[in-house]
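Q: Using this note's numbering, the first residue of the sequence shown is number 2, and each one after it goes up by one. A virtual CB, placed ideally from N, CA and C, is assigned to each residue, including glycine. Take this structure first; my questions come after.
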Amino acid sequence: MNNDNFMVFVYNAIIALFAFFVAAPMLLNAISLFTVQKRFAKVMVDEGVVKEETVRRLHPKKQVAGVLISLLVLAGLGWTCTRVDMGYICGCIALVAGVLKYRNIIQFNSLTVQRFRNTYKDEMDLNKYNKYVDSHF
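Listed below in structure tokens is the structure:
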């Protein structure tokens, strides 16, 4: 095995690791901002945990930031995949595997609750929030 082949192997391994551990979770997080986190924020408004104007003020900013960051990461992944032989195969397979591994990000679970708390921690009624979490999770 000469040095050129070894460098291609190392480069493909880096692409695969980046796609699996960085690109897939970021992509799923951006998707979850429009699905499960939006629904959970609506439930929290209905429960009186957070005000609707607060959600209208913070959530779109978070959505835009999530989409822009995800697009930059995916563009970086696509660009690096074009720079080496078999890069698309390594990147795509790792990205699909990462999406399958981290698919719980887009499901309604305790991770959704934790992300909501991190976003609205200064703007919510903590007693109502804790009561809701204790009764549903």
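I'd like to know whether the C-beta atoms of aspartate 135 and valine 9 end up nearer to each other than 7 Å.
A: Not closer than 7 Å, so no.
Q: Closer than 8 Å is the cut-off here; do at least three beta carbon pairs connect the region 62-71 with the region 24-37?
A: The region 62-71 vs the region 24-37: in contact.
Q: Beta-carbon within less than 7 Å of glutamate 48's beta-carbon, same chain only, minus the 5 sequence neighbours each way: which residues are those?
A: For glutamate 48, where only same-chain residues beyond five positions count, the Cβ hits under 7 Å are Lys129, Tyr133.
Q: Between valine 23 and isoleucine 107, which are expected to be in contact by the criterion C-beta below 8 Å, what is the C-beta distance as a whole number of angstroms?
A: So it is not a contact: roughly 17 Å between Cβ atoms.
Q: In terms of alpha-carbon separation, which member of Met45, Leu34, Leu78 lies closest to lysine 63?
A: Among Met45, Leu34, Leu78, the Cα nearest to that of lysine 63 belongs to Leu34.
Q: Tell me the rounded alpha-carbon separation between asparagine 110 and leucine 59.
A: One C-alpha to the other measures close to 21 Å.
Q: Run through DSSP, which three-state label would valine 51 get?
A: Valine 51 falls in the strand class under three-state DSSP.
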